[in-house]
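Numbering (the numbering used here), first residue to last: 41 to 556.
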């Protein structure tokens, strides 16, 4: 059989598994809140792996190795910032958000939580939150579809648009059918596939080199990839040479984005109990650390692997974002290679699925439900959510049909938007009792607008837009909050109750929530 036939067999096996999980989830989903939040029954391992897989996306296996391949260790500041942010998110946000969303009228989305937490009767906060989600997730989902198109180009030498559509259709199918449970369990499986592949590929590539120790110096003296002047990249291993302080701060600031990513923190809301955050943190951070190490070595080894084998080349000659794909395809038997290459497909699909579901919830739970006069039935709500998933995917697909930016660029823009708009608000909601609705509204709008405008201007070359966006949010949020009316005693009591419940070791019951 041909190489492509083996690849197709591997991918069909993988996609059949994803659709099977989707169908199983469909049989477990009877109510609207189960479709959106899985009945708050996620264990720590599933929560951690699904959060990690939905977070990393094609960036981990394509964007990061490509950036490290081209620029060297100066790109590591992003990974360091993300590792710190991941740890902090699980440590300080997860347990309190899990308890507070249940105290705040059993909120099942981020917009509904901030509205209920601050008792915003105007509905402005919820609407603004939903609009931010719709705008930035459209770009985010689009980045995943771009990854899917590049995946099929590299793997099959096929058409970008065809590949993008295949990935989109399968992902939309299991999200459409199974909702949150399907997304979470497929993400957990995909996280394990990504983990295994990022360990196996660089190890096998290292063994294929004549001298494995070359990876620690070859790049600085020899041509590879985009370097053709005969000098290589002398600063490959330097994290500071040629990198401004503003760039370092901007890259580290990626970690700030974690606090405001709806598709990640929704996993905290769905955990069985607040205390599961401890185990989730250990699993999630360990998974991420080893995956990042695997991505780093994929890039390091790839520089030598392709340079010393001139008869092979990286498919993507612009951003070199197919380094991992090409190494896996070359090193293994086609069937094994196909299974390894599904790691990228897993990363892409897990992120798209999570984002589609959150965007669907923004449309139905946070926009439609606040204007409808008659409460729809549970069945109708589920079907409206499915239609919303389909609608958003069509818009994102149109944007992805002719990509004008790299995967990392699209992800960076959306990541900054969410981090700037939601990050300070989520932190303050959980830790600042004085926060009120006017302050949150002002901060959220300021963060989103500054991040969007900065990212679309030349200023983004000087500093990553999450930094000014995050600062603008904090400043406006604090100033407006202190200049306006303090929260009511009822809101303060709920705050104290949520803090108390976040320390409970067992599963929260409705009686415990009422009596706390």
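From the three backbone atoms N, C-alpha and C, an ideal C-beta is built for every residue, glycine too.
These numbers come from a predicted model, not from an experiment.
Beta-carbon proximity of residue i to residue j, cut-off 9 Å
i           : j           : result
residue 50  : residue 378 : yes
residue 120 : residue 293 : no
residue 152 : residue 542 : no
residue 185 : residue 410 : no
residue 122 : residue 264 : no
residue 99  : residue 387 : yes
residue 380 : residue 229 : no
residue 323 : residue 133 : no
residue 396 : residue 384 : no
residue 259 : residue 343 : yes
residue 470 : residue 538 : yes
residue 417 : residue 220 : no
residue 425 : residue 404 : yes
residue 90  : residue 394 : yes
residue 422 : residue 200 : no
residue 338 : residue 238 : yes
residue 310 : residue 87  : yes
residue 105 : residue 335 : yes
residue 518 : residue 479 : yes
residue 274 : residue 261 : yes
residue 516 : residue 482 : yes
residue 168 : residue 468 : no
residue 41  : residue 214 : no
residue 453 : residue 179 : yes
residue 64  : residue 222 : yes
residue 77  : residue 212 : no
residue 226 : residue 61  : yes
residue 484 : residue 465 : yes
Per DSSP, cross-strand counterpart(s) of residue i
i           : result
residue 63  : In the DSSP output, where bridge partners are listed per residue, residue 63 has none listed.
residue 264 : 267
residue 82  : 311
Nearest neighbour of residue i, chosen from the options [CA to CA]
i           : options            : result
residue 5   : 64, 243, 87, 114   : What is shown of the chain runs 41 to 556, which leaves residue 5 out entirely.
residue 204 : 454, 434, 465      : 434
residue 207 : 187, 198, 216      : 187
residue 190 : 179, 41, 202, 128  : 202
residue 170 : 149, 161, 479, 179 : 149
residue 493 : 512, 482, 101, 478 : 512
residue 137 : 308, 213, 246, 291 : 308
residue 455 : 259, 430, 96, 337  : 96
residue 302 : 474, 401, 424      : 401
residue 325 : 421, 124, 312, 45  : 124
residue 250 : 295, 341, 363, 480 : 341
residue 144 : 536, 547, 545, 245 : 536
residue 328 : 269, 127, 274, 363 : 127
residue 196 : 167, 47, 510       : 47
residue 235 : 291, 167, 382      : 382
residue 117 : 280, 129, 415, 247 : 280
residue 131 : 217, 524, 84, 321  : 321
residue 84  : 313, 141, 216      : 313
residue 361 : 227, 372, 102      : 102
residue 54  : 268, 210, 78, 94   : 210
residue 419 : 368, 473, 73, 45   : 73
residue 520 : 232, 368, 477      : 477
residue 44  : 441, 369, 357, 231 : 369
residue 474 : 524, 79, 436       : 524
Contact with chain C by residue i, beta-carbon distance below 9 Å
i           : result
residue 309 : In the structure shown, chain C cannot be found, because there is only a single protein chain.
beta-carbon residue i near the ligand ZN non-hydrogen atom, thresh 8 Å
i           : result
residue 309 : Although the ligand ZN was asked about, the structure shown includes no ligands whatsoever.
The stretch 101 to 118 touching the stretch 305 to 325, judged by at least three CB pairs closer than 8 Å
The stretch 101 to 118 is not in contact with the stretch 305 to 325.
What runs of the alpha helix (DSSP H), each 4 residues or longer, lie entirely inside the stretch 352 to 386?
Secondary structure remark: continuous alpha helix (DSSP H) runs of at least 4 residues inside the stretch 352 to 386, in chain order: 363 to 371.
Does the contact criterion of 3 or more C-beta pairs under 8 Å hold for the stretch 454 to 462 versus the stretch 505 to 524?
Enough Cβ pairs lie closer than 8 Å, so yes.
Using 8 Å as the Cβ pair cut-off and three pairs as the minimum, do the stretch 152 to 161 and the stretch 520 to 535 touch?
At 8 Å Cβ cutoff, the stretches touch.
For the pair the stretch 344 to 363 and the stretch 164 to 178, tell me if three or more CB-CB distances fall below 8 Å.
The stretch 344 to 363 makes no contact with the stretch 164 to 178; the number of CB pairs closer than 8 Å stays below 3.
Can you check the stretch 465 to 532 for any alpha helix (DSSP H) of at least 4 residues that lies completely inside it and give the ranges in chain order?
Annotation note: the stretch 465 to 532 contains the following uninterrupted alpha helix (DSSP H) runs of length 4 or greater, listed N- to C-terminal: 477 to 495, 506 to 523.
Please give me, in chain order, every unbroken run of the alpha helix (DSSP H) with length at least 4 that falls completely inside the stretch 167 to 242.
At a cut-off of 4 residues, not a single continuous stretch assigned as alpha helix (DSSP H) sits fully inside the stretch 167 to 242.
Quick one: complete alpha helix (DSSP H) runs, 4+ long, within the stretch 267 to 307?
Those alpha helix (DSSP H) runs which fall completely within the stretch 267 to 307 and span 4+ residues are 285 to 292.
Which full runs of the beta strand (DSSP E) of 3+ residues lie inside the stretch 75 to 149, going along the chain?
For the stretch 75 to 149, not a single whole beta strand (DSSP E) run of length 3 or above is found.
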